[in-house]
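There are 2 protein chains.
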Amino acid sequence: MKLQELETACSKSGLKMTGPRKTILKVLVEAEDHPSVDEIYARVKAVDPSVSMATVYRTVNTLDELNLVTKHEFKEGFARFETNTDHHHHMIDVDSGDVIEFTNVELEALKEKIAEELGYELIDHNLELYGRKIKD
Amino acid sequence: MKLQELETACSKSGLKMTGPRKTILKVLVEAEDHPSVDEIYARVKAVDPSVSMATVYRTVNTLDELNLVTKHEFKEGFARFETNTDHHHHMIDVDSGDVIEFTNVELEALKEKIAEELGYELIDHNLELYGRKIKD
DNA sequence: GTAGCTGCAAACTCTTTGCAACTCT
DNA sequence: AGAGTTGCAAAGAGTTTGCAGCTAC
Numbered sequence: 002m003k004l005q006e007l008e009t010a011c012s013k014s015g016l017k018m019t020g021p022r023k024t025i026l027k028v029l030v031e032a033e034d035h036p037s038v039d040e041i042y043a044r045v046k047a048v049d050p051s052v053s054m055a056t057v058y059r060t061v062n063t064l065d066e067l068n069l070v071t072k073h074e075f076k077e078g079f080a081r082f083e084t085n086t087d088h089h090h091h092m093i094d095v096d097s098g099d100v101i102e103f104t105n106v107e108l109e110a111l112k113e114k115i116a117e118e119l120g121y122e123l124i125d126h127n128l129e130l131y132g133r134k135i136k137d
Numbered sequence: 002m003k004l005q006e007l008e009t010a011c012s013k014s015g016l017k018m019t020g021p022r023k024t025i026l027k028v029l030v031e032a033e034d035h036p037s038v039d040e041i042y043a044r045v046k047a048v049d050p051s052v053s054m055a056t057v058y059r060t061v062n063t064l065d066e067l068n069l070v071t072k073h074e075f076k077e078g079f080a081r082f083e084t085n086t087d088h089h090h091h092m093i094d095v096d097s098g099d100v101i102e103f104t105n106v107e108l109e110a111l112k113e114k115i116a117e118e119l120g121y122e123l124i125d126h127n128l129e130l131y132g133r134k135i136k137d
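Order-wise, the sequence lines are chains Y and F. My numbering puts the first residue of the first sequence at 2, with every later residue one more than the last. My numbering puts the first residue of the second sequence at 2, with every later residue one more than the last.
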């Protein structure tokens with residue numbers, strides 16, 4: 002999702018496009034990783050030092066509720082965020098902390114099948130793999 | 002895993018079988034749900050009111066490190082625990098908070114395949130489905 | 001003009017930890 | 001005896017919130 006699109010989506014949802022908000026959106030769109038609030042805050046500060054941590058928290062939570070960003074809670078004790086792209090899952094490198102994205106068609110089908118068998122309508126789901134790189 | 006087995010496993014690992022520890026183990030073994038620390042604490046208190054929250058935290062963490070219990074971090078802001086049984090996954094009912102366990106052979110195979118393709122040795126993983134019950 | 005947004009600081013929740021006393025083995 | 005364990009209270013991390021002032025629309 003491009004910055005322009007994101008801003009439009011926010012406006013449509015009734016959000017005011019304020020300075021802090023624009024900066025945060027820009028940081029999120031440009032992020033190629035899965036930054037934590039601390040990391041987002043640092044990147045935002047580099048552009049506009051007046052923005053507060055509270056605003057970063059409020060903004061990412063609002064965006065999450067609007068489904069414009071996705072909040073991830075890996076087993077680290079804090080949340081990470083990314084702008085919504087295609088649906089994918091994560092392999093977390095337990096040594097380096099690297100997060101590798103992957104998609105898998107079979108998995109998407111399988112998860113629907115499992116939910117159906119349990120009598121549930123699927124709203125959200127996530128598969129996290131924790132692994133160690135095989136040396137070659 | 003039975004209480005007896007768990008206690009033996011703890012002793013083998015060099016843990017002393019103290020009063021608080023025994024009570025916590027008993028509560029964990031008898032739990033048929035996935036209790037949070039608060040819930041474990043309440044159940045332990047009902048048996049022995051002198052046990053502290055700190056001890057519950059220390060104990061479940063120790064047991065988790067020994068792989069005698071599994072710590073789950075669903076998207077709720079706190080951890081849940083259960084004694085180790087066969088490997089399974091969870092469907093979380095977003096309306097009631099109920100946690101339904103399920104196993105799936107295809108999934109186990111698929112996750113290994115994915116890890117291999119990414120060049121990783123799988124250490125841990127979890128699939129969480131969040132859904133809403135289909136009325137019938 | 002006004003509803004919504006912001007910064008600040010305080011508060012909150014969950015969890016961890018330092019320490020002196022205590023207890024299994 | 002001695003290492004491990006405990007309760008207590010304080011501290012820690014991450015996150016949320018009340019409020020008065022500010023800003024986009």
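Where a beta carbon is used, it is the ideal one built from N, C-alpha and C, also for glycine.
Mind listing the chain Y neighbours of His89/F? Cutoff is C-beta to C-beta under 7 Å, in chain order. As a position in the second sequence, residue 89/F is number 88, starting the count at 1. Neighbours of His89/F on chain Y: none; closest Cβ ~12 Å, over 7 Å.
Closest residue to Met92/F among Asn85/F, His73/F, Phe79/F and Thr84/F (Cα-Cα distance): Indexing the second sequence from 1 puts residue 92/F at position 91. Cα-wise, what sits closest to Met92/F is His73/F.
Boundaries (first-last residue) of the beta strand (DSSP E) holding Thr71/Y: As a first step, residue 71/Y is located in the first sequence; it is residue number 70 there, counting from the start. Segment Val70 to His73, the beta strand (DSSP E) holding Thr71/Y.
Residues from the stretch 68 to 84 of chain Y in contact with chain F, defined by Cβ distance under 7 Å: Glu74 and Lys76
How big is the Cα-Cα spacing for His104/F and Leu128/F? Position 103 of the second sequence, counting from 1, holds the residue named residue 104/F. Position 127 of the second sequence, counting from 1, holds the residue named residue 128/F. The identity of residue 104/F in the sequence shown is Thr, whereas the question assumes His. Whole-angstrom Cα-Cα distance: 10 Å.
Measuring CB to CB, does Met61/F end up less than 8 Å from Thr24/F? The sequence position of residue 61/F within the second sequence is 60, counting from 1. The sequence position of residue 24/F within the second sequence is 23, counting from 1. Here residue 61/F turns out to be Val, not Met, going by the sequence shown. No; because the gap between Cβ atoms is not below 8 Å, this pair is not in contact.
For the beta strand (DSSP E) containing Gly132/F, list its first residue and its last residue. Mapped onto the second sequence, residue 132/F falls at position 131. That run of the beta strand (DSSP E) goes Tyr121 to Lys134.
Proximity test, Cβ basis, 8 Å: Met18/F and chain Y: Stepping through the second sequence from its first residue, residue 18/F is reached at position 17. Cβ-Cβ to chain Y under 8 Å: no for Met18/F.
For a cutoff of 8 Å on Cβ pairs, would you count Asn127/F as touching chain Y? Locating residue 127/F in the second sequence gives position 126, where the first residue counts as 1. True, the Cβ-Cβ gap to chain Y drops below 8 Å.
Would you mind giving the Cβ-Cβ distance between Glu122/F and Gly132/Y, rounded to the nearest angstrom? I have them listed as a contact below 8 Å. For the purposes of this step, residue 122/F is identified with residue 121 of the second sequence, where counting begins at 1. For the purposes of this step, residue 132/Y is identified with residue 131 of the first sequence, where counting begins at 1. Confirmed, Cβ separation roughly 6 Å.
One question on the structure: do Leu7/F and Ala116/Y come within less than 8 Å of each other, judged by their Cβ atoms? In the second sequence, the residue the question calls residue 7/F occupies position 6. In the first sequence, the residue the question calls residue 116/Y occupies position 115. Cβ atoms of Leu7/F and Ala116/Y: not closer than 8 Å.
Find the nearest neighbour of Arg59/Y within the set His90/Y, Ile41/Y and Thr86/Y, judged by alpha-carbon distance. Taking the first sequence and counting its residues from 1, one reaches residue 59/Y at position 58. Closest by alpha carbon: Ile41/Y.
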